[in-house]
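Everything below concerns the one structure shown next.
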Amino acid sequence: EAGVTQSPTHLIKTRGQQATLRCSPISGHTSVYWYQQALGLGLQFLLWYDEGEERNRGNFPPRFSGRQFPNYSSELNVNALELEDSALYLCASSLGVGSYNEQFFGPGTRLTVL
Amino acid sequence: RKEVEQDPGPFNVPEGATVAFNCTYSNSASQSFFWYRQDCRKEPKLLMSVYSSGNEDGRFTAQLNRASQYISLLIRDSKLSDSATYLCVVNSDSNYQLIWGAGTKLIIKP
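Protein sequence lines, in the order shown, are assigned to chains A and B.
Position 47 of the first sequence, counted from 1, bears residue number 30 in my numbering, the numbering being contiguous throughout.
Position 101 of the second sequence, counted from 1, bears residue number 146 in my numbering, the numbering being contiguous throughout.
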């Protein structure tokens, strides 16, 4: 069974540009989560989508946005990129809303903002 | 107080030793608990779920103490390949969202 996939693997942008990151969940999973992990730091929760709706949002500015498509894949958009947005962006999927919702991660997209 | 707290380490442990980590959580209504492992510059991977009665998977044992609101991970006969950051994860009862600890770094030395 295929795991969570993310694209691109690496992305290099300059300040002020926009970045679009993509994620395909494990088949049958309806929830997608986005996390930011700066070098040497812990996971910072960004966004949670389930069944096409945004369920929760972390403490990030509005220039971080996303959506979930009918096939449950998801896109994260970061507008007006800043140097401090350079990080590993991880996507995870789970079976959806419920108490025992283990999350399974993709390999991440490494975003570098120059 | 953070919702999930872990000792950041690093724990420097000789190969073959036993090492234990604790993780405390603040929400007494939390229902599910997990340990993840993250290697340097890689994605986190599920190590084990933590059940009320405690559970074991080979050299790894997880325990839950609801009264004191902590979970623990015990690694016996540690291997060099156990070197990683171990993340404690607890569900948020209010919306089923997982709350992640900052991780404990473990370094196994030959």
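From the three backbone atoms N, C-alpha and C, an ideal C-beta is built for every residue, glycine too.
Note that this is a predicted model, so its numbers are computed, not measured.
> To which residues of the same chain is residue 149 (chain B) closer than 6 Å at the C-beta, ignoring the five residues directly before and after it?
Replying inline: Same-chain partners within the cutoff: 51, 52, 54, 66 and 131.
> Of the residues A:88, A:92 and A:93, which one's Cα is nearest the Cα of residue 83 (chain B)?
Replying inline: When each option's Cα is compared against that of residue 83 (chain B), the closest is A:88.
> Can you find at least 3 beta carbon pairs, one from the stretch 61 to 81 of chain B and one from the stretch 108 to 127 of chain B, that sit closer than 8 Å?
Replying inline: Because the criterion of three Cβ pairs below 8 Å is met, the stretch 61 to 81 of chain B and the stretch 108 to 127 of chain B touch.
>> For residue 72 (chain A), tell me which candidate among A:78, A:57 and A:84 has the shortest Cα-Cα distance.
In response: Looking from the CA of residue 72 (chain A), the closest CA among A:78, A:57 and A:84 belongs to A:57.
>> If distances are taken between C-alpha atoms only, which option among A:63, A:75 and A:79 comes closest to residue 2 (chain A)?
In response: Minimum Cα-Cα distance from residue 2 (chain A) among the listed residues A:63, A:75 and A:79 corresponds to A:63.
> Which term fits residue 85 (chain B), buried or exposed, when burial requires 16 or more other beta carbons within 10 angstroms of its beta carbon?
Replying inline: Per the 10 Å Cβ criterion, exposed.
>> Can you look up residue 84 (chain B) in the DSSP assignment and give me helix, strand or coil?
In response: The answer is coil: DSSP assigns residue 84 (chain B) none of H, G, I, E or B.
>> Let's see if you can read the secondary structure: which residues bound the beta strand (DSSP E) around residue 46 (chain A)?
In response: First-last for residue 46 (chain A): undefined, no H or E at that position.
> Are residue 97 (chain A) and residue 59 (chain A) closer than 8 Å when you measure CB to CB?
Replying inline: No, the Cβ-Cβ distance between residue 97 (chain A) and residue 59 (chain A) is not below 8 Å.
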